[in-house]
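Chemist: Protein chains in written order, with our numbering: chain E, 1 to 288; chain Y, 1001 to 1288; chain C, 2001 to 2288; chain W, 3001 to 3288; chain G, 4001 to 4288; chain S, 5001 to 5288.
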C-alpha cells in the first residue's frame, strides 16, 4: 500500500473497484485545527507493518483490483474547494469506481455527497457522529463542519438521512432534523438503528467523534458516551443496501494519543474498502 | 493565589434548580493524592469550546434557571470538613435546590448523603463504583474514602443502597454488605441491576473508577473490567425514581491522560444536571 | 545487574494451587521487540498499592495456598527455549500445580501447551486473540509468534481449538483452520462463542491484542474492533470445563500508556489464578 | 457555564504593585487554535500545591501588596479586541500598577505595548521568541500573531526592540528588522544578548516557543534548538533597566504534555511578578 | 504478592565495594504519594537491555566486586523507619561498603546521613535539589521530606552542607540556612558551586527535582529552571573529596513520562556507583 | 516540500545541491525495532505547517536548487542492502549532489560513508552519538548498528573520526578506538571538541541518541546526560571544513512522544541541508 499524489490516475484505472482520496482541509472547523493533517496519518497507519492487508471478510486488500490510493487532492482552503472536491469525486465515479474519502473535517461530506447523489438516484446517507451537523450556519459559515448535512438535505437530493450515535442535538439542529424527517438514533438506540438501516445505494459517512473518546481520542470535539469500533463495524455489516461510497473524517492528529485514532481510521478504511469491493462484485454478478 | 469560594449565593438563588458545588479534598484517600484538584479540572472541561451546552435530552443547560455553579466549598482537610460539607448541602436543599457535588475523593459522599437523607425521607442511594467502599475503617480512619457507605448504612438513615459495577469485594466489606442488605451488582450483571433500580427519591453517587480505565484512566485505583460511559448513562436513564442529588467523585487529575477523564466527569455532570432539572420540573407539575 | 530467576522452587510447593512463571522472550516476534520486558511490568501492577488482593469471586489471593510467583524462567532467545519452557511447565504440573504463564510473546504457548497436553489428555484450548496465529511459518520461522497454534494443532495432541476475537484471518491461516476444524469466532460472534465453550480440561491463552486497543494499547499489533476486558472475563466465566492452565501474552511495555495494559494483564492474571484455584478445589472435592 | 471576568477591580487596588490579566484569545493564530485556553491553565499551575509562593529572590508572592490576579478580560475574537486589550492595560497603569499579561497568542502584545509606550516614554522592548513576528501581514491579517512587532515598530513609539532566541528569520521579516534597527540574537548569541540588554523602562514579552520544546512542548510552533527556562530567567536577571511590564504568551494547552508548559509559564509568571515588584519598590525609594 | 527484601546479605559481602539499598517510603511526603514505588522502577531501568553496564569512566559495573543490589529494606511507614533505615546503612558500612540509597522520598536522607556521620567524622554533605528541605517542621511533621537537612544540621554532626540548584528558598528555611552556615547555590551559580565543592569524605544526595522537569518530569514537585543531567554529573566529577555515600530520591513514578525519569535515576545510580568504587580503590592504594 | 519515491530522478537533477534519501531499515538493530519507520515521520515533520522553510542562516530551503527529496530507497532487510545503499549514494554523488541520508538505524552509515570516501579523498567523519558504535561485531552481526564505525575505520579509507557526546565506551570499543586513533569527546568536553573539528571534506553523522533524551526521547537507547539540540547545531557551525554529506539516524517513532524527536530530526535536517548548500555554493565560487 504505497502513497503518491493524485495527479496522474494510472492507466489500469477501470480495473480498480475503490479509489482512496485524501482531502486535507480544516479551515471550516469551528474549534481546533488539525484534521488537514489526517490523510497522511491514516496512510501511515494503513501501511504499518504491525497491521496486515486482510479485511475481516478475509478479503486481501492487496489483491490487484481492490483499491488504489490516489493520494491527496490539492485544496486551497477557500470556497473553491467545494467544487474541487465534487469534481474529484465525479471523476472517479465516472470511471466506475467507488470512493473512500479521507478527511479533513466534516465539511468535505457535502460536496462529496453532491457528486454521489447525481450519479446514484435514491441515495441513502448513513451518518455516524456525536453531532448531527445540521446547523443552518455556524459562526457565519454555511459550509462549516457543523453544517454539511443541512446542506445535503437542502440541495443534494438524497433519499434519506439516518444518523447514529448522536448525543448533542441542539434546538436549531432539531428543527432542521424534524423539517427533513431525519432518523436520529442515540448510542443507546444502536440496536434499533441497525434494524432500520436503508437498502438501495448507501453512502456511509463516519465522523470519528461518533466513537467514544476511549476508542478515538484524536478528534477536535470529544464527546464521551459514544460507540465502540465494533459498534461501527456492526452498523456497516447490517446495512442491507449497496454501499457505494464512504468517508472517514475529523481525525485530528494534534489530539491523538500514540496514533491510536489514526489506527482506528485505518481499520475502518480497510473494512469500508472491503465492503465496497464486495458490493461492487455482487452488483456485477447481478447485472450480468 | 486564591481559588473560587462558594461564599455568596446570588440573590436569584430560588430560581435555579441545580446547584453545583466543588469539594476539593483528598486527605482521606488511602493510596494517592490528587482528587482535591478535580473540581477545577471538571469545570474547565464543562466550559471547553469543544463541548456544547445541550444535554442528550436536548435540554440547553445554558437556559436560565437550570443550574448555577457556586464554586468550591473551602475545606480544611480535617474532621471538621464533615460538618462543613453537610452544612453546605443543607443550605442548598433549604433553598429548594438539588445539588451536583464534584469531588474530591469519595469521603465526601457520607456528609452529603446525611444532609440529603434528612431532607428526603426514604432516600435510596444508587452507587456506581469498582469498590463497595464498605470498610468499617481503613488504615485507622473511619472516614477514609474506603468507608463512606459503611457510615451511610450505619447512621444516615437511607432506605436502600444499590451498588453497580463492583469488582473488588473483600471479606470485611462483604460482611458489611450482607448485614445491611446492600444490593451488589458486578459489571456482568448490569442489565439485572438496571431492572431493579429504585423509585422514590434517589441519590446517585458515581466514583469514576466504576468505569473501565479505558474510559476513565484518571483515577487513583484503576480496576479494569468496568463500565463504559454509556453504561453509566443507561443506569441514569433507567432509574424510575426522582433523582434529587448526584455526585461525581475520585477524578485524580495527576493520573489523567490529556484530560480525558475530566471530560467524562463533565459529560456525566451535564447529564446529571439535566436529569435533576427534568425531575424537578416534573415534580412541580405533579405538585400543582 | 540481575533478574529474578525461577531456579529454586520453595519446599512448600505442593501446598500451592497455582504457580506463576514469567517467560521473558520476544525474539520470535515479527514486528517489534518489547514483550520480553512484560513479566516484570505485570508483577509491578499485581503488587501495586492501588490494587487489592481480592478476585471478583471474593477469593483473597493472599490466602496461603492459592498461588506462588516463581519469577522468571531464564531463556536464551534461541530454539533451546522451546525445551526450557516445556520443561519448566512440566516441573510444575508434576508437583500437582496449575500454571499461569506470563509472556513474552505468543511463541511461548506452543511449548507450554505441549507440556499441558501430555498431562491432560483431551485438553481443549481456548484462545483469545485478534490474530489466529496459524501461519505454517512466518518470515522463515516456524516458531514465530504468528505460528504457535499451527504447531499445537499439528503435534501437541489437543482435543479442540476455539479462537475468539479473531479479526485478521489471512488465506494461509484460513486453510490451516479449516484443515484442523478450528472454531473461529470474531468479536461480533462473542455470544455464540460463549455458548459453545468446551468442557473437559481447558487451557486458556490470552493474547492482549485480542482486546480492543482502547483497553490494551500496549501490544505490538494494535487491531481496533476487539474485546473489552469484561468480555474476556465473561469468556472465562462461561467456560464450563476445568481450567487447568492459562497464559497472558504479548504485553509490549514499550508501547504501553501509563502501564494501562500491564494493569489489564495483572487483572486478568488475578482472575485466572482465582478460577484455577476454584476449579482445583472443586476437582479435589469431586475426587474424594 | 461562565468564566471569571476582570470587570470589577477591587477597591484596595492602589496598594498592589502588579496586576495579572488573562487575555484568552487565539483567533489571530495562523496554524493551530488553543492559546485561548492558556490563562486558566497557567492559574491552575500557579496555585498548585506542588509549587510554593516564594520567588527565587526569596520574595513571598503571597505577601499582601505584591500582586493581584484580576482574571480574564472578556474578548470577542474580532478587531475590537485590540482596543479592549489596550484599554484594560491602560486602566491598570492609571492605577499605578504594572501588569503581567497572560496570553492568548502573541497578537495581544501589540495593544498591550501601545498602552505601555504611552505611559512610559522611551520604552525598550525585550522579546524572547523562536520567531521574530515581524511580518508586514500574514495570511491577509495585519494583526496576526506573526505580526505584532511589525505593528509595534511602526506605530507604538518604542525606543528599541531586542529579540532573543530567534531561529526562523525569513526574508520579509529580515527586511522589517533591518529597516527598524531591531537587535536580533539567536540562541547561540545568548551571552552577547545578555550583555546588551537595555536600561530605562523595559517591557519583556516571552513567547513560550522561544524555549526549546524539551522545556515547553505546549506551543503551536515547536522549533527545536531554543532556550532553557534558566536561560530566560538569566535574561530577566541581566536586564539593567526597570521592568515595568511583562507577558507570557502562546501556551497551547492542546499540545502540552502533562501541563509541563503551563508549569513553566507559571514559574516565569512568578519570577516576572517578583521582578516587577522589586523594581517598583526600588523606584519608589529612588523617588522619595 | 511479595517484593524483594534485603534480609540476607550474601556471604561474599566483604568483596563488594558498593551496596545498593532501596527504601520504598513516601508517607512523609507533603503533596503527592508515589516515591515508594521508585526503587522497583529504577532497577528496571538499570537492567534495561537498551542500556549497558559501562560507566562514563569506562568501568564495567558488571565486574565482580563493584556493587551488589540488596533489594529493598522493609519499612512500616511510621517513625520506626528512621531507626530501620539508619541500622540498614550502619550494617553495610560495618562491612566496609559504601551505599547507594534509592528513595523513596527525601525523608530517608536524615537517618542515612546519621549513620554515615558516625562512621565518617568530618563528613561533608553535597545536596542537589530545587528545595533546601530545611523546614523546622512541615505540616506538623519534623521528619517530613521538607525537613531532612534541618535535622541533619541539628544533630547528625556533619562538617558542612552545600546545596546546589536551589530555587525556592522560603523565609523559615533561609533562617535555618543562615543559622547553620549552609552554602546555597542557585542554578545560575553552578560554576561557582562546582569550584567550592568540599574535600574530605563526601555524601551526595540528589533529589531528582533539582533537575529541570524537562529532564526529570517524574517528581512530585516540578520546579522549572533546574539543572540538566550533565550538570549533575559535572558536580559529581568536580567533587575533590572522597565520595563515600550517595542517594537518589524523590522519583515519583506516578508522574513519570515513559519512565524517562527512572532512566535518569538509573544513569545517576550507575555513575555514583562507579565513582564510589573508584574512590574506594584509590583510598585502598593510598592506605597501603 | 513534497514526498514521492526515489524511482525517477527528475531531469533538472544537476541543478539541485542536496538530495534527501530515506533508508527505512532496522533489521540490524540490537534492542528494539522502529527506525525503519523514521523517514516517513521526519518528512511529515519537515512539511508541517507549524514549521517554516527558512534555515537559521536565513536561507529559504524552498528556493529552487537547494534540495530535492527523492523519497525512500527500497531495501530488503538483508545484506544486499549494504550495496543498495552504497549505490544509491554513489548515484547522487555522481550527479554532483550532496546527500542527506535519513535513517533507519545507524547501520546505514557504513555503506553511505564508503561511497563518500571514494569520491572525497581525505574525508573526515564527525560523529555525534551516545555510543561509539565501534564493536568488532555485536550479537554475531558485523553490520549491526553497534558496529558501523568499526567497519568504516577498517576499510572505508577515511582520514579521521571524531566522536562527540560519547558516554558509554565499553572495553572492546575502547580498544578499537585506540587502535585507530579515534578522537573521542564526552558531553563535558564539548567545547574542546568544537575547537578541534576537522577541515577538509567532512561527513557528519548524527545518531539522535547523542542528544539528551529530554530533547530526543524517540530513540531505542536512551542515555541521559547528552547534548542539547543547540549543542549539535553549534558543532555544525564550528566545523571549519566543507560539509559534503550528513545523516540523521536512529529515530524510533515507536518511542517518540508527540513526534517531538521527529521534529528535532526535521530541524537538524533543515540546517544540514542549508549548510551543505552554502558550502557547495562557496566551493563553486572558489572553483571559478
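Every residue gets a Cβ at the ideal spot worked out from N, C-alpha and C, and that includes glycine.
Please read all numbers here as calculations on a predicted model, not as lab measurements.
Please tell me whether residue 3209(W) has its Cβ less than 8 Å away from any Cβ of chain G.
Modeler: no
Chemist: Please report whether the beta-carbon of residue 3044(W) lies at a distance below 8 Å from any beta-carbon of chain Y.
Modeler: yes
Chemist: Please decide whether residue 4040(G) counts as near chain A, where near means a Cβ-Cβ distance under 8 Å.
Modeler: This model lacks chain A altogether; the protein chains it does include are E, Y, C, W, G and S.
Chemist: Please state the DSSP three-state secondary structure of residue 246(E).
Modeler: strand
Chemist: As an exercise, report each continuous alpha helix (DSSP H) stretch of at least 4 residues that is fully enclosed by the region 40-84 of chain E, in chain order.
Modeler: Fully enclosed alpha helix (DSSP H) runs of 4 or longer: not present.
Chemist: Just checking: is the beta-carbon of residue 195(E) within a distance shorter than 8 Å of some beta-carbon in chain C?
Modeler: no
Chemist: Counting only runs that start and end within the region 1098-1164 of chain Y, where is the beta strand (DSSP E) found for 3 or more residues in a row?
Modeler: 1098-1103, 1124-1128 and 1160-1164
Chemist: So, using beta-carbon positions, are residue 4119(G) and residue 4093(G) closer together than 8 Å?
Modeler: Residue 4119(G) is a Cβ neighbour of residue 4093(G), given a cutoff of 8 Å.
Chemist: Closest Cβ-Cβ distance between residue 5140(S) and chain G: below 8 Å?
Modeler: It does not; no Cβ of chain G falls within 8 Å.
Chemist: Can you tell me which of the three DSSP states residue 5202(S) falls into?
Modeler: strand
Chemist: Closer than 9 Å, Cβ to Cβ, to anything on chain W: give me those residues from the region 4209-4237 of chain G, in chain order.
Modeler: 4212, 4213, 4214, 4215, 4217, 4219, 4220, 4221, 4222, 4223, 4224, 4225, 4226, 4227 and 4228
Chemist: Sort out for me which residues DSSP pairs residue 4281(G) with in a bridge.
Modeler: According to DSSP, which records beta bridges pairwise, residue 4281(G) is partnered with nothing at all.
Chemist: Take residue 5182(S) as the anchor and find which of 5218(S), 5046(S) and 5124(S) has the nearest alpha-carbon.
Modeler: 5124(S)
Chemist: Could you list the residues in the region 3028-3039 of chain W with a C-beta less than 9 Å from some C-beta on chain E, going in chain order?
Modeler: 3029, 3031, 3032, 3033 and 3034
Chemist: Output yes if chain E places a C-beta closer than 8 Å to the C-beta of residue 1284(Y); else output no.
Modeler: no
Chemist: Where do the ends of the alpha helix (DSSP H) carrying residue 5219(S) lie?
Modeler: If you look at residue 5219(S), you'll find it isn't in any alpha helix (DSSP H); DSSP assigns it neither H nor E.
Chemist: Does any residue of chain Y have a CB that is nearer than 8 Å to the CB of residue 4254(G)?
Modeler: yes
Chemist: How about residue 3227(W) and residue 3212(W): do their beta carbons lie closer than 8 Å?
Modeler: Contact flag set, yes.
Chemist: Using three-state DSSP, classify residue 2032(C) as helix, strand or coil.
Modeler: coil
Chemist: In angstroms with no decimal places, state the Cα-to-Cα distance between residue 4095(G) and residue 5271(S).
Modeler: Taking the straight line joining both Cα atoms gives about 56 Å.
Chemist: If you compare alpha carbons, which of 4259(G), 4051(G), 4203(G) and 4114(G) is closest to residue 4155(G)?
Modeler: 4114(G)
Chemist: Output, in sequence order along the chain, the residues in the region 1171-1190 of chain Y whose CB is closer than 8 Å to any CB in chain C.
Modeler: Taking 8 Å as the upper bound on Cβ-Cβ separation, chain C lies near residues 1171, 1174, 1186, 1187 and 1188 of the region 1171-1190 of chain Y.
Chemist: Compute the beta-carbon to beta-carbon distance between residue 84(E) and residue 73(E), rounded to the nearest angstrom, for a pair I have assumed lies under 8 Å.
Modeler: 6 Å
Chemist: Applying the 10 Å Cβ sphere with the 16-neighbour rule, what's the burial state of residue 3107(W)?
Modeler: buried
Chemist: Under 6 Å Cβ to Cβ from residue 5239(S), same chain only, skipping five residues before and after it: list those, please.
Modeler: 5197 and 5202
Chemist: Just verifying my parser: in three-state terms, what is the DSSP assignment at residue 1251(Y)?
Modeler: coil
Chemist: What are the start and end residues of the beta strand (DSSP E) that includes residue 1020(Y)?
Modeler: 1018-1023
Chemist: Quick check on this structure: which residue in 67(E), 148(E), 260(E) and 243(E) has the alpha carbon closest to the alpha carbon of residue 17(E)?
Modeler: 67(E)
Chemist: If we ignore side chains and look at the alpha-carbon of each, how far apart do residue 2284(C) and residue 2116(C) end up?
Modeler: 19 Å
Chemist: Just how far apart, CA to CA, sit residue 1105(Y) and residue 1264(Y)?
Modeler: One C-alpha to the other measures close to 16 Å.
Chemist: On a Cα-Cα basis, can you pick out the residue from 2266(C), 2253(C), 2268(C) and 2030(C) that is closest to residue 2141(C)?
Modeler: Measuring from the Cα of residue 2141(C), the nearest candidate turns out to be 2030(C).
Chemist: With 16 other CB atoms within 10 Å as the buried threshold, where does residue 2005(C) fall?
Modeler: Reliability of the predicted coordinates at residue 2005(C) is poor, the pLDDT of 43 falling under 50, and the value obtained from them is presented with this limitation in mind. Per the 10 Å Cβ criterion, exposed.
Chemist: Comparing the C-beta of residue 2263(C) with each C-beta of chain Y, is any distance below 8 Å?
Modeler: yes
Chemist: My understanding is that residue 1080(Y) touches residue 1274(Y), with C-beta atoms under 8 Å, so please give their C-beta distance in whole angstroms.
Modeler: Incorrect: roughly 34 Å between the Cβ atoms, too far for contact.
Chemist: Cβ of residue 169(E) less than 8 Å from any chain Y Cβ?
Modeler: yes
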